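What follows is one structure encoded as structure tokens, with my remarks underneath.
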Amino acid sequence: MKSRVILNHRDRRDKNHNNNNTNHYTQVDTMERKPLEVEPSTTTTNTDVVDSFEEEQRKIVYRGWKVMPFIIGNETFEKLGIIGTLSNLLVYLTSVFNLKSYTAATIINAFSGTINFGTFIAAFLCDTYFGRYKTLSVAVIACFLGSFVILLTAAIPSLHPVACGNKISCEGPSVGQILFLLMGLGFLVVGAGGIRPCNLAFGADQFNPKSESGKKGINSFFNWYFFTFTFAQIISLTAVVYIQSNVSWTIGLIIPVALMFLACVIFFAGDRLYVKVKASGSPLAGIARVIAAAIKKRGLKPVKQPWVNLYNHIPSNYANTTLKYTDQFRIPAATYVVFLMTGMTVFIIFYDRVLVPSLRRVTGLETEERRRNFALTKPTLGMAPRTGEISSMSALWLIPQLTLAGIAEAFAAIGQMEFYYKQFPENMKSFAGSIFYVGAGVSSYLASFLISTVHRTTAHSPSGNWLAEDLNKAKLDYFYFMLTGLMVVNMAYFLLMARWYRYKGGNDEDITEIETNEEETKQQQLQDKNSV
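Residue numbers (our numbering): 277 to 808.
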């Protein structure tokens with residue numbers, strides 16, 4: 277109302293000015309003069325926001341590597357628990373639940389796909405409503421419950437069908453037994469779906485992104501995060517699988533449950549020390565802003581060599597298509613992936629402690645973006661040598677290729693996750709973490725489609741089936757040459773798409789709202805006063 281009165285007052289002045297210019301000042305002087313009143317505004321300027329943000333940043337206590345024992349310890353035991361439960365699940369379903377192989381494979385494929393795509397939902401809820409800490413709190417408890425339920429299916433006779441023994445026909449599981457098993461798998465979906473996109477971003481939140489030590493700490497954290505992941509896979513695919521297959525399913529499943537319980541204890545032990553980023557609204561708003569900015573800046577020239585900042589690698593699933601034994605001793609097919617994990621684990625240590633510091637001293641530049649480009653050629657080289665008949669060769673010849681693929685994975689997987697974390701807006705960090713796993717889920721479906729298509733297409737070819745049941749009669753060399761060709765196409769596609777990508781520089785800042793502990797904030801303020 278006040279602004280309307282002022283506007284009418286100005287209209288009268290303009291009208292008087294047009295009608296009688298000579299009497300203008302007289303008319304203005306005779307008007308009733310009223311002070312200009314402005315309604316109080318609650319709008320906050322950008323300067324106020326930045327000042328408030330900087331003041332809040334000074335109150336945050338970034339403990340960095342001091343809290344890593346809680347986060348990496350939780351990650352290690354959580355991965356040991358989940359992988360230890362799921363790595364031998366196919367054998368468990370066929371031997372304990374008496375399911376047929378294709379039925380068990382269907383359940384596992386649906387379960388794996390649901391976990392990978394479930395990361396999208398969990399990341400959305402994390403970034404929009406709950407924040408990373410609360411999401412992880414629910415997720416680690418859900419993982420423990422899921423592992424415990426699956427343990428009960430093995431330990432309690434009424435929760436699984438009677439063992440086949442030497443019977444010709446086996447009794448399948450009842451509806452109740454299947455539902456109880458699916459309940460355990462459902463808990464694992466909730467747990468793994470929440471942990472995968474949030475855990476990496478939560479660990480990176482513990483470092484100060486404004487300091488040099490914090491930036492280096494984030495880069496090193498990505499390396500050690502994947503080191504624990506590969507270490508957990510090596511232990512689970514060897515020791516835990518051996519106990520489950522040769523000692524007892526109950527004992528073999530008790531181990532993952534105990535490890536998951538330790539993961540929960542370690543995670544909640546660091547509750548008062550964590551930096552907890554608050555949920556900052558819907559990520560869809562961030563996506564809309566990114567699309568609008570891309571349209572607005574479509575005429576800009578791309579930065580030079582942007583391809584070093586983008587990589588999308590789909591690891592191939594060739595370990596299970598090889599012979600599972602040598603002439604001297606048997607090796608389970610699933611265990612061959614240990615050689616890939618070993619190569620990845622060893623190279624992560626070498627990369628983080630030797631290669632990166634050396635390159636920084638020589639070039640003076642950060643080198644984490646380079647690893648995605650270097651990783652592009654490694655999977656291709658890992659596929660190309662697979663030629664010739666395999667019946668006269670030891671399966672240990674797979675070790676060099678698997679080691680090479682592991683080194684490529686050390687560059688590709690870590691580089692991808694680091695790229696997503698740094699390039700996405702602050703309110704989409706968890707959403708960014710889910711993309712890696714969704715890509716893995718899509719690649720699993722595409723791999724199944726590719727294998728079935730090749731199997732059907734080459735079944736009646738003159739050269740023979742490329743993927744015959746008898747691997748000695750299969751044409752695996754043709755199949756791997758085809759995979760090499762797909763890698764080359766992937767490289768060309770990558771270079772083409774990367775020409776249009778504009779890398780988000782290190783100077784781009786996002787304002788983050790942090791959940792601060794009241795007692796710690798008061799102590800920090802008291803220290804500031806004493807220092808003054």
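From the three backbone atoms N, C-alpha and C, an ideal C-beta is built for every residue, glycine too.
As the structure is a computational prediction, the values presented were derived from the model and not from experiment.
Counting C-beta neighbours from all protein chains within 10 Å, is the total for residue i 16 or more, i.e. buried, or is it exposed?
i: Y721; result: exposed
i: N522; result: exposed
i: M344; result: buried
i: G422; result: buried
i: A399; result: buried
i: A768; result: exposed
i: A774; result: buried
i: S710; result: buried
i: D804; result: Any reading at D804 must be qualified, since the residue scores a pLDDT of 47, below 50, and its modelled position is unreliable; no value is offered.
i: S737; result: exposed
i: C474; result: buried
i: A386; result: exposed
i: N495; result: buried
i: N322; result: Caution is warranted here: a pLDDT of 47 is assigned to N322, below 50, making its placement in the model unreliable, and the coordinate value is therefore given only provisionally. Flag for N322 reads exposed.
i: A684; result: buried
i: A681; result: buried
i: T733; result: exposed
i: G761; result: exposed
i: T382; result: exposed
i: L771; result: exposed
i: K572; result: exposed
i: S230; result: An answer regarding residue 230 cannot be provided, because it is not within the stretch 277 to 808 covered by the chain.
i: V584; result: Residue placement at V584 cannot be trusted, given a pLDDT of 36 that sits under 50; what the coordinates show is reported in the next sentence. Its Cβ being crowded by 16 or more others within 10 Å, V584 is buried.
Spatial neighbours of residue i within its chain, please: C-beta separation below 7 Å, excluding the five flanking residues on both sides.
i: S634; result: none
i: V541; result: none
i: F406; result: A555
i: V414; result: G470
i: P824; result: With the chain represented from 277 up to 808, any question about residue 824 goes unanswered, as that position is not in the structure.
i: Y338; result: Q482, F483, N484, G490, V551
i: A380; result: L366, L369, T370
For residue i, which residues in the same chain have their Cβ closer than 6 Å to its Cβ, ignoring the five residues on either side in sequence?
i: A809; result: Because the chain here runs from 277 to 808, residue 809 falls outside it and cannot be looked at.
i: R472; result: T395, Y713
i: Q520; result: N364, G528
i: A744; result: A750
i: G546; result: V343, F346
i: K698; result: none
State the CB to CB distance for the pair residue i and residue j, rounded to an integer number of angstroms; the pair is presumed to be in contact (CB under 8 Å).
i: G460; j: V425; result: 3 Å
i: A539; j: F353; result: 4 Å
i: L476; j: M693; result: 6 Å
i: I347; j: Q482; result: 7 Å
i: L401; j: F478; result: With a Cβ gap of about 14 Å, L401 and F478 do not count as contacting.
i: N392; j: G717; result: 3 Å
i: V416; j: F543; result: 5 Å
i: V465; j: T404; result: About 20 Å; that fails the 8 Å criterion.
i: I531; j: V516; result: 6 Å
i: N730; j: F755; result: Reading off the sequence shown, one finds Val at residue 730, where the question assumed Asn. Their Cβ separation, rounded to whole angstroms, is 6 Å, which keeps V730 and F755 in contact under 8 Å.
i: T526; j: A431; result: 5 Å
On a CA-only basis, which of the options is nearest residue i? Give me that one, please.
i: N429; options: S450, G407, C446; result: It is worth fixing the name first, because residue 429 is Thr in this sequence and not Asn. Comparing Cα-Cα distances from T429 to each of S450, G407, C446, the minimum goes to S450.
i: A480; options: Y501, A468, C419, V465; result: Y501
i: S489; options: G340, R732, I542; result: G340
i: I384; options: E351, I711, S724; result: S724
i: G452; options: F373, F757, M773, E685; result: F373
i: S739; options: S728, N499, V730, K751; result: K751
i: L549; options: V764, Y779, Y409; result: Y409
i: Y518; options: N364, D403, T390; result: N364
i: A418; options: A380, T379, F463; result: F463
i: Y779; options: F700, I397, T733, R732; result: F700
i: K342; options: G493, N766, F503; result: G493
i: N499; options: G691, L435, Y697; result: G691
i: S524; options: S728, W673, L427; result: L427
In chain order, what residues of the same chain lie with their CB nearer than 8 Å to the CB of residue i, ignoring the 5 residues before and after it?
i: K376; result: T370
i: F420; result: G357, G467, V533, M536, F537, A539, C540
i: P433; result: none
i: F456; result: V425, L428, T429, L435
When the cut-off is 9 Å and only beta carbons count, does residue i lie next to chain C?
i: I383; result: Any reference to chain C falls outside this structure, which holds one protein chain only.
Less than 8 Å separating the Cβ of residue i from some heavy atom of the ligand SAM?
i: L535; result: The ligand SAM is not part of this structure, which contains no ligands at all.
Looking at C-beta atoms only, is the number of pairs between the stretch 350 to 368 and the stretch 495 to 511 that lie closer than 8 Å three or more?
yes
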